[in-house]
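Enquirer: Numbering-wise, the sequence shown is residues 1 to 216 according to UniProt numbering. Where is the CB? At the ideal position from N, CA and C, for every residue including glycine.
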Amino acid sequence: TFDDQMLVDYSKNRINAETLEKLQALARETDLQGAIAAMFAGEKINRTEDRAVLHIALRNRSNTPIYVDGKDVMPEVNVVLAKMKQFCARVIDGEWRGYTGKTITDVVNIGIGGSDLGPYMVTEALRPYKNHLAMHFVSNVDGTHIAETLQRLNPETTLFLVASKTFTTQETMTNAHSARDWFLQAAGDERHVAKHFAALSTNAQAVAAFGIDTAN
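(1) What separation, rounded to the nearest whole angstrom, lies between the Cα atoms of glycine 70 and lysine 83?
(2) Please list the terminal residues of the continuous alpha helix (DSSP H) segment that includes leucine 200.
(3) Go ahead and label proline 65 buried or exposed: buried means 16 or more other beta carbons lie within 10 angstroms of its beta carbon, across all protein chains shown.
(4) For aspartate 72 and asparagine 63, I'd like the C-alpha separation in whole angstroms.
(5) Between glycine 113 and histidine 145, what straight-line distance do the alpha-carbon atoms span, to the nearest angstrom?
(6) Helix, strand or coil, according to DSSP, for threonine 116 in the structure here?
(7) Do alanine 215 and valine 207 count as a contact pair if the criterion is CB distance below 8 Å?
(8) Quick check: the segment 146-157 against the segment 94-103, are there 3 or more CB pairs under 8 Å?
(9) Can you list, in chain order, the residues of its chain with a C-beta nearer than 8 Å to that of isoleucine 212? Leave out the 5 residues immediately preceding and following it.
(10) Nearest CA to the CA of threonine 168: which residue from Thr149, Ala187, Ala204?
(11) Thinking proline 119 and asparagine 109 are a contact (beta carbons under 8 Å), I'd like their distance in whole angstroms, please.
(12) What's the gap between the Cα of glutamine 151 and the Cα of alanine 187?
(13) Which same chain residues end up closer than 7 Å to histidine 55 when comparing Cβ atoms and leaving out the 5 residues on each side of it in sequence?
(14) Assign alanine 52 to one of two classes, buried (16 or more other C-beta atoms within 10 Å of its C-beta) or exposed (fewer than that).
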């Protein structure tokens, strides 16, 4: 139980003991516990796409095996998480440098929906522990948003994160190409794109075509 770990203040709403009893009864009636167990067991509870729901694997710090179609997905998850940690450390420590040899000062996350709100929420929540990097978030396809962000930045010291699983999300890619065009106006050489853009995607072919090193 969470009795000694969590305090929930629901005194300023209309929830009472009867409400809680009915909610618990509904959970039993719909077999919520069984659904939770199915998710953690790697069953394909995403009926629409016939896929397992694996965000739990990303948060599985106990490293308990999570099987999907008989295969433990945790080794692959751990490889990617380690790769992300190493990349972040290089940027933060100043080892990762831009095309003129300068260290990164600003990071721009380009995404929409969960690819924007999630990182933004974490950044705001951890603001008291902020390091030297300035974070920016661009999600609106209205060109004003990206334009106002870019005018405050130096292309020599800016790193863009393009967050799109398919690398085809229209709003995200429109902003990503705007950022790329802005960057190339200063850098000139398309080979420099790889030093200033990284991707959060599974579409390696499209990422490479954009000019991003698939290792990033």
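Expert: So, from the data block:
(1) Working through the sequence shown from its first residue, we reach residue 70 at position 70. Working through the sequence shown from its first residue, we reach residue 83 at position 83. Rounded to the nearest angstrom, the two C-alpha atoms are 25 Å apart.
(2) Residue 200 sits at position 200 when you count from the first residue of the sequence shown. Note, leucine 200: premise wrong, no alpha helix (DSSP H); beta strand (DSSP E) at 197-200.
(3) Locating residue 65 in the sequence shown gives position 65, where the first residue counts as 1. Counting Cβ neighbours within 10 Å, proline 65 comes out exposed, since fewer than 16 surround it.
(4) As a first step, residue 72 is located in the sequence shown; it is residue number 72 there, counting from the start. As a first step, residue 63 is located in the sequence shown; it is residue number 63 there, counting from the start. Cα to Cα, the separation comes out at about 10 Å.
(5) Residue numbering aside, residue 113 sits at position 113 when the sequence shown is read from its first letter. Residue numbering aside, residue 145 sits at position 145 when the sequence shown is read from its first letter. Taking the straight line from one Cα to the other gives about 16 Å.
(6) Indexing the sequence shown from 1 puts residue 116 at position 116. As written in the sequence, residue 116 is aspartate, which differs from the threonine given in the question. Secondary structure of aspartate 116 (DSSP, three-state): helix.
(7) Taking the sequence shown and counting its residues from 1, the one referred to as residue 207 is at position 207. Taking the sequence shown and counting its residues from 1, the one referred to as residue 215 is at position 215. In this structure, alanine 215 does not lie closer than 8 Å to valine 207 by Cβ.
(8) Yes, the segment 146-157 touches the segment 94-103.
(9) The residue labelled residue 212 in the question sits at position 212 within the sequence shown. Excluding residues up to 5 positions away in sequence, Val162, Val193, Ala194, Phe197, Ala198, Ala199 lie with their Cβ nearer than 8 Å to the Cβ of isoleucine 212 in the same chain.
(10) To locate residue 168, count along the sequence shown from 1; it is residue 168. Ranking the options by Cα distance to threonine 168, first place goes to Ala204.
(11) Translated into the one-based positions of the sequence shown, residue 119 becomes position 119. Translated into the one-based positions of the sequence shown, residue 109 becomes position 109. The pair is a contact, with the Cβ atoms about 5 Å apart (cut-off 8 Å).
(12) By 1-based counting over the sequence shown, the position of residue 151 is 151. By 1-based counting over the sequence shown, the position of residue 187 is 187. A straight-line Cα-Cα distance of about 16 Å links glutamine 151 and alanine 187.
(13) Position 55 of the sequence shown, counting from 1, holds the residue named residue 55. Here the set comprises nothing.
(14) Counted from its first residue, the sequence shown places residue 52 at position 52. It counts as buried.
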